[in-house]
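Asks: Quick one: structure below, then a few questions.
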Amino acid sequence: GLQPQVRVVRIDKGTEFLNQTLHAYFAAEGILHQTSIARTPKQNGVVERQNHTLVEAARTMLSAAKVLLFFWAEAIATACFTQNRSLVIPRHEKTPYHIINDRKPSVKFFHIFGSICYIVIDGENLDKIKEKDKIVKMSNELDLLFSPMFDELLNGPSQVVSKSSVVPTADESIQRQ
Numbered sequence: 001g002l003q004p005q006v007r008v009v010r011i012d013k014g015t016e017f018l019n020q021t022l023h024a025y026f027a028a029e030g031i032l033h034q035t036s037i038a039r040t041p042k043q044n045g046v047v048e049r050q051n052h053t054l055v056e057a058a059r060t061m062l063s064a065a066k067v068l069l070f071f072w073a074e075a076i077a078t079a080c081f082t083q084n085r086s087l088v089i090p091r092h093e094k095t096p097y098h099i100i101n102d103r104k105p106s107v108k109f110f111h112i113f114g115s116i117c118y119i120v121i122d123g124e125n126l127d128k129i130k131e132k133d134k135i136v137k138m139s140n141e142l143d144l145l146f147s148p149m150f151d152e153l154l155n156g157p158s159q160v161v162s163k164s165s166v167v168p169t170a171d172e173s174i175q176r177q
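Listed below in structure tokens is the structure:
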């Protein structure tokens, strides 16, 4: 994989990056801290072009799938994820994922952005007639759908706990006496 040394950080004078803590860190690490003129993406070069490419890809996905802007973060994440695993860097003839992880990416699980999602209903007592899944319709259902994915992304894989464990309630304890 790549382990490049950061030599220069150029920002667009955003207030989130103009502070003494960050300035001290850059000085301690020997990193040159530069600022560009506001609203001049040409000075920020590669990063601004990459951000522009991701935003355009996300806008296209949202439009083509006729999905609400509520999903903009997922569209950006999907665009970044897809581009890191599919766009080949000509100099290396490899994808960014392949260069960093020293293995080819798997794309067999890719799905079309905006496809219908189903929530599997397996924790409830279902009789033979009731539906075993349902189409996601409301934003709170979407939170339930995406929450585990982002929890794992931010906190690492979680331990699976069986849903079939029986925990006696206070009523059951009283009935046994």
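Letter by letter, the sequence shown follows residues 1 to 177 in UniProt numbering. Quick reminder that beta carbons are idealized off the backbone N, C-alpha and C, glycines included.
(1) How long is the line joining the alpha carbons of VAL88 and LYS66, rounded to whole angstroms?
(2) Here's a check: name, in chain order, each residue in its chain whose Cβ is nearer than 7 Å to the Cβ of TYR97, leaving out the five neighbours to either side.
(3) Going along the chain, which unbroken runs of the beta strand (DSSP E) with 3 or more residues stay wholly within the UniProt domain "Integrase catalytic" (1-104)?
(4) Do you know whose CA, among VAL9, LYS42, ALA79 and ARG10, lies nearest ILE112's CA?
(5) Any idea if GLU56 is buried or exposed, counting beta-carbon neighbours within 10 angstroms, 16 or more meaning buried?
(6) Output the distance between the C-alpha atoms of HIS92 and PRO4, rounded to the nearest integer angstrom.
(7) Given PHE110, which residues of its chain have a CB within under 8 Å of its CB, disregarding the five upstream and five downstream residues?
(8) Label GLU74 either buried or exposed according to how many other C-beta atoms from any shown protein chain fall within 10 Å of its C-beta, with 16 as the threshold for buried.
(9) Go ahead and label THR95 buried or exposed: buried means 16 or more other beta carbons lie within 10 angstroms of its beta carbon, across all protein chains shown.
Replies: Put simply:
(1) 29 Å
(2) ASN84, ARG85 and PRO105
(3) 8-11 and 32-35
(4) ALA79
(5) exposed
(6) 16 Å
(7) THR82
(8) buried
(9) buried
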